[in-house]
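Enquirer: Let me give you the structure first, and then I'll get to my questions.
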Amino acid sequence: MTPDLRRMREAAVAAAREAGAILQDHARRGFRIEHKNAVNLVTDADRRAEAAIVAALGKAFPDHEILAEEEGLREARAAAFRWVIDPLDGTTNFAHGLPLYCVSIGLEHEGRPVLGVVLDPTRDELFVGEAGGGATVNGAPLRVSATATLDAALLVTGFAYDIRETADNNLDHFSRFALRAQGVRRLGAAALDLCYVAAGRFDGFWELKLHPWDMAAGVVILREAGGRVTDFAGRPHSIYGTQLVASNGLIHDAMLTVLRGT
Ligand code: IPD
Ligand code: CA
Ligand code: CA
1 MTPDLRRMRE AAVAAAREAG AILQDHARRG FRIEHKNAVN LVTDADRRAE AAIVAALGKA
61 FPDHEILAEE EGLREARAAA FRWVIDPLDG TTNFAHGLPL YCVSIGLEHE GRPVLGVVLD
121 PTRDELFVGE AGGGATVNGA PLRVSATATL DAALLVTGFA YDIRETADNN LDHFSRFALR
181 AQGVRRLGAA ALDLCYVAAG RFDGFWELKL HPWDMAAGVV ILREAGGRVT DFAGRPHSIY
241 GTQLVASNGL IHDAMLTVLR GT
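Residue numbering for the sequence shown follows the working numbering, starting at 1 and increasing by one per position.
Here's what the structure looks like:
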């Protein structure tokens, strides 16, 4: 790892910890909820955590771009690096007091995800992945599972906030996988879903219409743990695309077959 990338990793970990402390403070003291639509929430905890991350990274790396969920894109001229930030992934869980949420900070270099930091502040689990440098949870190496069949696989998925407004809402895929896998879960925090595949806690994850900030950090962690990530047709994954299939690699083709509806 170059000294520059080490500095970026340290800054991202510090920013994630600062944001995690803000979230936990709000979890204890309370927060205000606003509705983006009937089921899509944002709280002042999301906004405060994001402001802290953007301020810290913006100060440390003024020539980097920053794409953050609530604030949008802060452009920088001829920037080679872009931070992609979800200050609170799992807002609905957080709003209900369900301790399944995280802070997600990804970094792209010339369009390629190179660093991922995901902090689960309730379990104090810090997931870190660096392109070419491996992935860890609290410093211990991460490795995907060895599950080789869908019959033995525990899968996870999620549903976008437009679930009531469109038929393209993943319920068709969900019912097919429910009949094919050992089990299917819906945790409500996509960045953690990716980390849990990286950790071998899940064998595969698929979702539609995720946003770049849901995936930017997790895909680096997953790949570095030996996992595979593509779109539903098996093509290279982009965090700016609308489909994600992430797995231990061994069940990937079987997942693509189910997603094709055959
Ligand atoms: C959501 C979570 C959820 C996923 C949604 C995301 P948010 O992010 O990751 O698991 O199913 O599609 O939008 O709103 O909690 O940051
Ligand atoms: Ca999110
Ligand atoms: Ca969020």
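Just so it is clear, CB atoms sit at the ideal spot from N, CA and C, and this is done for glycine as well.
From a predicted model like this one, the values you see are computed outputs, not experimental measurements.
Report the residue from Arg48, Lys36, Ala38, Asn37 whose alpha carbon sits nearest the alpha carbon of Gly30.
Expert: The shortest C-alpha separation from Gly30 is found at Arg48.
Enquirer: Return the chain-ordered list of same chain residues with a C-beta closer than 6 Å to the C-beta of Ala152, the five sequence neighbours on each side being excluded.
Expert: Answer for Ala152: Gln182, listed in chain order.
Enquirer: Mapping DSSP to helix, strand and coil, what is Arg7?
Expert: Note: Arg7 maps to helix in three-state DSSP.
Enquirer: With 16 other CB atoms within 10 Å as the buried threshold, where does Val39 fall?
Expert: Classification of Val39: exposed, given that the 10 Å Cβ count is below 16.
Enquirer: Beta-carbon separation of Ser238 and Gly204 under 8 Å?
Expert: Result no, Cβ atoms of Ser238 and Gly204 do not sit closer than 8 Å.
Enquirer: Residues in the same chain with beta-carbon distance under 6 Å from His26, minus the five sequence neighbours each way, listed in chain order, please.
Expert: Hits under 6 Å: Ala45.
Enquirer: Buried or exposed, going by whether 16 or more other CB atoms sit within 10 Å of the CB of Tyr196?
Expert: Tyr196 comes out buried.
Enquirer: Following a CB-centred definition, is Leu98 positioned closer than 7 Å to any heavy atom of ligand 1?
Expert: Flag unset: Cβ of Leu98 not near ligand 1.
Enquirer: Would Glu10 be called buried (16 or more neighbouring beta carbons within 10 Å of its own) or exposed?
Expert: The residue is exposed, with fewer than 16 neighbouring Cβ atoms inside 10 Å.
Enquirer: Should Ser104 be labelled buried (16 or more other beta-carbon atoms within 10 Å of its own) or exposed?
Expert: Buried, since its Cβ has 16 or more Cβ neighbours within 10 Å.
Enquirer: Do Glu207 and Gly158 count as a contact pair if the criterion is CB distance below 8 Å?
Expert: Closer than 8 Å, so yes.
Enquirer: Can you list, in chain order, the residues of its chain whose CB lies under 6 Å from that of Glu224, leaving out five sequence neighbours each side?
Expert: So the list reads Gly129, Gly134, Ala135, once near-sequence residues are dropped.
Enquirer: Which value, in whole angstroms, describes the spacing of the CA atoms of Asn170 and Pro3?
Expert: Rounded to whole angstroms, Asn170 to Pro3 spans 43 Å at the Cα level.
Enquirer: According to DSSP, Phe61 sits in a beta bridge with which residue or residues?
Expert: For Phe61, which the question treats as bridged, DSSP gives no partner whatsoever.
Enquirer: Can you list the alpha helix (DSSP H) stretches of 4 or more residues lying completely in the segment 148–183, in chain order?
Expert: You should have 171–180.
Enquirer: Pick out whichever of Asp89, Glu69, Asp86, Pro62 has its Cα sitting closest to the Cα of Ala78.
Expert: If we check each option's Cα against that of Ala78, Pro62 comes out closest.
Enquirer: Would you decide whether Glu50 is buried or exposed? Buried here means 16 or more other CB atoms lie within 10 Å of its CB.
Expert: Burial call: buried.
Enquirer: Just to confirm, are Thr43 and Thr122 a CB contact at a threshold of 8 Å?
Expert: Result no, Cβ atoms of Thr43 and Thr122 do not sit closer than 8 Å.
Enquirer: Alpha carbons only, please: which of Arg185, Val54, Arg235 is nearest the one belonging to Glu69?
Expert: Cα-wise, what sits closest to Glu69 is Val54.
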